[in-house]
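> First the structure, then my questions, so here it is.
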Amino acid sequence: MSESVPSVATAAKGDVIGELRHRLTRESLVRYAGASGDFNPIHWSDRIASAMGLPGVIAHGMLTMGVAVRVVTDWLGGTERIVSYQTRFASPVLVPDDDAGTELVVRGTVSEVGEETLTVLVDCRCVRPDDAEGAGDKVLGAARAVVRRA
Amino acid sequence: MPITPEHAGRSYPPTTPYEVTSAKVGEFARALGAVDDGTVPPTFGIVVANEAWQPLFSDAELGLQLKRIVHGEQKFEWIRPLRVGDVVTGTLTIDRIAQRGGADMVYTTVAIATVDGEPVGQASSTMIHTPEAEVGDE
């Protein structure tokens, strides 16, 4: 970003508070499964994912959700101010079994400023390495974090 | 027997107490590509929720299978953040069941509180369960 990032006290509607990119590979999914305790086989077995009607192994929605909120916690310098964080899982994030994997592209924008709290809209897309110029597919729907201003 | 709207309102006993440790928080933060700065990521509550969800899969009356579930929606609400050293339980409630296009929509809440009774927050989830007979029909 070329412009300076506002503080939580001075942020106004429309301000971009941060951006990040994060690559997901099969290894990322294995690590997240162990760290979170979510061992649903659709996140590590192509055989079972296909049998369940999916095109292949998909990332845990909670992994995508957890990566995306870093744009907010990095801005705030921690988690103390976060009142709520929610999303709809708009489309699955396919993670092929190769070195390139897929990349999450995240941007946080202030969408509402109230007396005590403000809301950050978290835009999260997934971009395949062979489509680096593309805008990517939106994978989180209406993802937003409500943050205490003071 | 499958899950039905009559299962709404069903609650389960609290999970066994879970201690939030710096080792586990660090492992979770690194899995998200975050810097492990000792603070607990806002989605860490899913570790407690995962444990609290287990009765959904062991309660034979509901007929739910983990591999047939995809996550539809998730919300965390925090009265205060979880902190290393907290010892908490998760209490699962099935809020609502709906059928949509052959799938069961399972709406649940896991209330997270310390063993001293201090409410910390809650994790609300929508799970989309596709029963066996429906797979591959579309």
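The listed protein sequences correspond, in order, to chains A and B.
Whatever position you read off the first sequence (first residue = 1), add 28 for this note's numbering.
Whatever position you read off the second sequence (first residue = 1), add 403 for this note's numbering.
Even for Gly, the Cβ is constructed at its ideal location relative to N, Cα and C.
1. For residue 125/A, is the classification buried or exposed, using 16 other Cβ atoms within 10 angstroms of its Cβ as the cut-off for buried?
2. Roughly how many angstroms lie between the CA atoms of residue 529/B and residue 500/B, to the nearest whole one?
3. Using C-beta distances below 8 angstroms, list every residue in its chain close to residue 413/B, excluding the 5 sequence neighbours before and after it, in chain order.
4. Look up residue 150/A in the DSSP assignment and say whether it is helix, strand or coil.
5. Kindly indicate which three-state DSSP category residue 41/A falls into: helix, strand or coil?
6. With 8 angstroms as the threshold, decide whether the Cβ of residue 112/A is near any Cβ in chain B.
7. Going by DSSP in three states, residue 421/B sits in which element: helix, strand or coil?
8. Going along the chain, which residues of the segment 428 to 450 of chain B sit with their C-beta nearer than 8 angstroms to a C-beta in chain A?
9. Figure out for me which residue from 76/A, 90/A, 91/A has the closest Cα to the Cα of residue 84/A.
10. Thinking residue 164/A and residue 45/A are a contact (beta carbons under 8 angstroms), I'd like their distance in whole angstroms, please.
11. Look up residue 468/B in the DSSP assignment and say whether it is helix, strand or coil.
12. I need the DSSP call for residue 474/B, collapsed to helix, strand or coil.
13. Could you work out which residues of chain A lie near residue 471/B, taking near to mean beta carbons separated by less than 7 angstroms?
14. Is DSSP giving residue 47/A helix, strand or coil here?
15. For the segment 460 to 493 of chain B, enumerate the residues whose C-beta is nearer than 9 angstroms to any C-beta of chain A, in chain order.
16. Distance check for residue 61/A and residue 158/A, CA to CA, integer angstroms please.
17. What does DSSP give as the partner residue(s) for residue 522/B in the beta ladder?
18. Buried or exposed for residue 35/A, please, with buried defined as at least 16 other CB atoms from any protein chain shown within 10 angstroms of its CB.
Taking the structure as given:
1. exposed
2. 10 angstroms
3. 496, 497
4. strand
5. coil
6. yes
7. strand
8. 430, 431, 433, 434, 435, 436, 437, 440, 442, 443, 444, 445, 446, 449, 450
9. 76/A
10. 20 angstroms between Cβ atoms; not a contact.
11. coil
12. strand
13. Going along chain A in sequence order, the residues near residue 471/B (Cβ under 7 angstroms) are 80.
14. strand
15. 469, 470, 471, 472, 473, 474, 475, 476, 477, 478, 479, 480, 481, 482, 483, 484, 485
16. 26 angstroms
17. 516/B
18. exposed
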